[in-house]
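Below is one structure, written out as structure tokens, with a few remarks after it.
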Amino acid sequence: MTAAAIAASGDDFDQLARDAVYRAMFTRRDVRSHFTADDLDDAVLARLLTAAHHAPSVGFMQPWNFIVIRDAARRRQVRDLFLAAREQELPAIEAERQALYRKLKLEGICESALNLCITCDRQRSKDSPLGRLHNPEMDLYSTVCAVQNFWLAARAEGVGVGWVSIIETEALKQLLSIPEHVTPIAYLCVGRVSAFAPRPDLEAHGWGKRLPLPELVMSETFRGAGEAPLKSAIARLGGAQKP
1 MTAAAIAASG
11 DDFDQLARDA
21 VYRAMFTRRD
31 VRSHFTADDL
41 DDAVLARLLT
51 AAHHAPSVGF
61 MQPWNFIVIR
71 DAARRRQVRD
81 LFLAAREQEL
91 PAIEAERQAL
101 YRKLKLEGIC
111 ESALNLCITC
121 DRQRSKDSPL
131 GRLHNPEMDL
141 YSTVCAVQNF
151 WLAARAEGVG
161 VGWVSIIETE
171 ALKQLLSIPE
181 HVTPIAYLCV
191 GRVSAFAPRP
201 DLEAHGWGKR
211 LPLPELVMSE
221 TFRGAGEAPL
231 KSAIARLGGA
241 QKP
């Protein structure tokens, strides 16, 4: 399937198309607790993976692979890895936040229609230094772009995605028979959902809040002052667009 088979051709987006792109970005959620029992059609998953495969990659290295995990027993094993890693992470959480941390729903491994592990093959472009000679980690960053493409396409399709980051990497590699030179980048729970929350779960539960963007914009150098008109324009947008 080509990109032309999915999206209309042409260089310009009309206002409806632009609005749809921004809507996918602003309403994308890290879904953990709203998965339904519905299966995910292979035709939909094919579109999502095609979107991921069209992510930008430095040197056109395309270092990603996609491991689809449907087996219930294997997913229970992954969930066991999550539970063990969560207990290991707990002592690093501030004491006054540990009770909240225990209450948070942080995965939907067994509840979602399927799981997807997106990996980075670090040998795929080993003979090509283009874009990697001075920044060898660019293959990892390129794979993250594939994750983002997948996630935004999923939101446009009404499909929920949750990124499970609380897993010990080597244990996951052993369970999924991932070779030494391949790095797991994202373990995702994927499936139909009953709703997309109006706000990110961690924000809704008081874990954190979105930082003011104008405070993160710098001019010319790190912490460089300036760009007042730009910051004002950002502030005005903040009043009109709510995540």
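For the sequence shown, full-length UniProt numbering assigns the number 1 to the initial residue and increments by one for each residue that follows. C-beta: ideal position from N, C-alpha, C; glycine also. These numbers were taken from a predicted model, which means no experiment stands behind them.
Contact annotation: Ile185 and Leu140 have beta-carbon atoms nearer than 8 Å. By the neighbour-count definition (other C-beta atoms within 10 Å, threshold 16), Trp207 is an exposed residue.
Per DSSP, Asn65 lies in no alpha helix (DSSP H); the unbroken beta strand (DSSP E) holding it starts and ends at Trp64 to Ile69.
Here the alpha carbons of Ser232 and Gly238 stand approximately 10 Å from one another. Selection His134, Glu111 and Pro63 evaluated against Thr36 yields Glu111 as nearest (Cα-Cα).
Note on geometry: alpha-carbon atoms of Glu227 and Leu211 lie some 18 Å from one another. Distance from the CA of Gln15 to the CA of Arg97, rounded to the nearest whole angstrom, comes to 43 Å. Straight-line measurement puts the Cα of Leu230 at about 10 Å from the Cα of Arg236. In the DSSP assignment, Ala72 falls within the unbroken alpha helix (DSSP H) covering Ala72 to Glu89. Judged by DSSP in its simplified three-state form, Ala113 adopts coil rather than helix or strand. With a contact defined as Cβ atoms closer than 8 Å, Val31 and Val161 qualify at about 6 Å. Bounds of any alpha helix (DSSP H) do not take in Val161; it lies within the beta strand (DSSP E) bounded by Val159 to Trp163. Judged by DSSP secondary structure, Arg102 falls within the alpha helix (DSSP H) whose first and last residues are Gln98 to Lys103. DSSP places Gly59 within a helical segment (H, G or I) once states are collapsed to three. Taking Ala52 as reference, the option from Ser219, Leu175, Leu104 and Ile118 with the minimal CA-CA separation is Ile118. If you check the CB distance, Phe60 and Leu49 do not come in under 8 Å.
For secondary structure counted as the alpha helix (DSSP H) over 4 or more consecutive residues, the segment 214-242 holds these complete runs in sequence order: 228-240. Within 10 angstroms of the beta-carbon of Gly158 lie fewer than 16 other beta-carbons, which makes it exposed.
Within a 10 Å sphere around the beta-carbon of Val164 sit 16 or more other beta-carbons, which makes this residue buried. Counting other Cβ atoms within 10 Å of its Cβ, Tyr187 reaches 16 or more and is therefore classed as buried. The beta-carbon separation of Ala55 and Ser142, rounded to 7 Å, stays under the 8 Å limit for a contact.
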